[in-house]
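Take a look at the structure below.
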Amino acid sequence: EEAPALVRRVSKEEEAKIVEKRRRAAQALTNLLPESIRVRNVACKAGILPAIMDMMTMDWSDAHCRRLSLACLSNLSVDQHIKDTIGRAGSIPYVAEFLILDPSVKKLSVDAVTSVAHAGACLWSLAVGEVGNKLRFSTEIIEKVLRVLQYDSTDLRYARKMSCGCIAELCIGNEAKVKQAVFNAGAIQRLIPLLRNPDVELHRLAASALCNLISNNEPAKKEARKQDLVMFLCGLLKATKHKDVQYAAAGGIYNLVKPKDLETIEAFGVMPLLLSVPVSQNIGAKLRVTADNPLGMA
Numbered sequence: 134e135e136a137p138a139l140v141r142r143v144s145k146e147e148e149a150k151i152v153e154k155r156r157r158a159a160q161a162l163t164n165l166l167p168e169s170i171r172v173r174n175v176a177c178k179a180g181i182l183p184a185i186m187d188m189m190t191m192d193w194s195d196a197h198c199r200r201l202s203l204a205c206l207s208n209l210s211v212d213q214h215i216k217d218t219i220g221r222a223g224s225i226p227y228v229a230e231f232l233i234l235d236p237s238v239k240k241l242s243v244d245a246v247t248s249v250a251h252a253g254a255c256l257w258s259l260a261v262g263e264v265g266n267k268l269r270f271s272t273e274i275i276e277k278v279l280r281v282l283q284y285d286s287t288d289l290r291y292a293r294k295m296s297c298g299c300i301a302e303l304c305i306g307n308e309a310k311v312k313q314a315v316f317n318a319g320a321i322q323r324l325i326p327l328l329r330n331p332d333v334e335l336h337r338l339a340a341s342a343l344c345n346l347i348s349n350n351e352p353a354k355k356e357a358r359k360q361d362l363v364m365f366l367c368g369l370l371k372a373t374k375h376k377d378v379q380y381a382a383a384g385g386i387y388n389l390v391k392p393k394d395l396e397t398i399e400a401f402g403v404m405p406l407l408l409s410v411p412v413s414q415n416i417g418a419k420l421r422v423t424a425d426n427p428l429g430m431a
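The working numbering puts the first residue of the sequence shown at 134, with every later residue one more than the last.
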């Protein structure tokens, strides 16, 4: 019963110019939506999506209102049928706009930082699941997602993780159009530096994104080899003690490796690790390593 009333307060049909009341209603909805799928369905039937889009885009809205609208949208996008509706409504390009920050602003506001994080989280959630929404991510939108990875402000650490996760999620599966869009946006060059980032979750997500992108994707593999990705992943695998990072790095190496990479793998001393991780335990065959041919020579 509460959700429809709150949606009415947010929507343009009621109290359209009373920004503070709309803001309070949006805050209440942000807190209410995670409770259950029933609450989210009721809110959708009451018209929350157009109300959120108004709050996100209209001239009367301020930075805090837009931040709350992104939080609401992110909380709505956990259910497949709702995220499909959000995608079909054309929301993805609008959400991506909030990833772009004014470079002339030296000190970011709380609203700006939080909006980038909410936008990244929302886009990641919208990319999860069926391929329909993935295909709605154009190269231009993906470029905006990747731009967040280059922000060096410590306030944007969470936002960087959300954007990196979005790229990793987009590349799950074998949808060639999606992977081509990610590749065309320059993802490989943007992701590789993150493998050396001290944040464990960030370099795990970067390794996962690269692993997913190069899987069954020859143009991406060619560029990754050009950028010495095998070497960077071997370095990450050797340095980390985290099992999930090892899995991501080993998966990337396995997807990319050729017999001539055996020398690099041996130089880093990571062959035992590769053989112990399930995703890469058959790497010996790809390297042509056998008991009779320990050097993997053709």
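The beta-carbon is built from N, C-alpha and C at its ideal position, and this holds for glycine as well. Since this is a predicted model, take the numbers as computed values, not measurements.
Around the Cβ of Gly298, a 10 Å sphere holds 16 or more other Cβ atoms; the residue is buried. Counting other Cβ atoms within 10 Å of its Cβ, Arg221 stays below 16 and is therefore classed as exposed. DSSP places Lys267 within a helical segment (H, G or I) once states are collapsed to three.
By the criterion of a C-beta distance shorter than 7 Å, Glu334 is surrounded in its chain by Lys294, once the five residues flanking it on both sides are discounted.
Secondary structure note for Asp192: it is in no alpha helix (DSSP H), with a DSSP letter that is neither H nor E. Counting the other Cβ atoms within 10 Å of the Cβ of Ser409 gives fewer than 16, which makes it exposed. If you ignore the 5 residues before and after Asn345, its C-beta comes within less than 7 Å of the C-beta of Ala301, Cys304, Ile305, all in its own chain and listed in chain order.
Cα atoms of Lys354 and Leu362: separation of roughly 9 Å, rounded to the nearest angstrom. Taking 8 Å as the upper bound for CB-CB distance, Ala250 and Ala196 are not in contact here, some 14 Å apart. Our two residues, Val246 and Leu395, have alpha carbons roughly 44 Å apart in a direct line. Between the region 236-244 and the region 267-279 there are fewer than three C-beta pairs closer than 8 Å, too few to call the two in contact. Pairing Leu420 with Lys391 gives a Cβ-Cβ distance under 9 Å. By the CB criterion at 9 Å, Ile233 and Leu206 fall outside the cutoff. Within the same chain, Ile274, Lys277 come within 6 Å of Ala229 by CB-CB distance, once the 5 residues on both sides are set aside. With a cut-off of 8 Å on Cβ pairs, the region 169-177 is not in contact with the region 152-161, counting fewer than three such pairs. By the 16-neighbour rule on beta-carbons within 10 angstroms, Val140 is buried. About 6 Å separates the beta carbon of Ala342 from that of Leu324, a gap short enough to meet the 8 Å contact definition. For Gln322, the secondary structure class from DSSP, reduced to helix, strand or coil, is helix.
Distance check between Val403 and each of Ser237, Asn388, Thr373 places Thr373 closest, using alpha-carbon atoms only. Remark: C-beta atoms of His375 and Arg337 approach each other more closely than 9 Å.
Between Leu182 and Ile219, the gap from beta carbon to beta carbon is short of 9 Å. Gly253 sits close to Val281, with the two beta carbons spaced by under 9 Å. Between Ser202 and Ala159, the C-beta spacing is below 9 Å.
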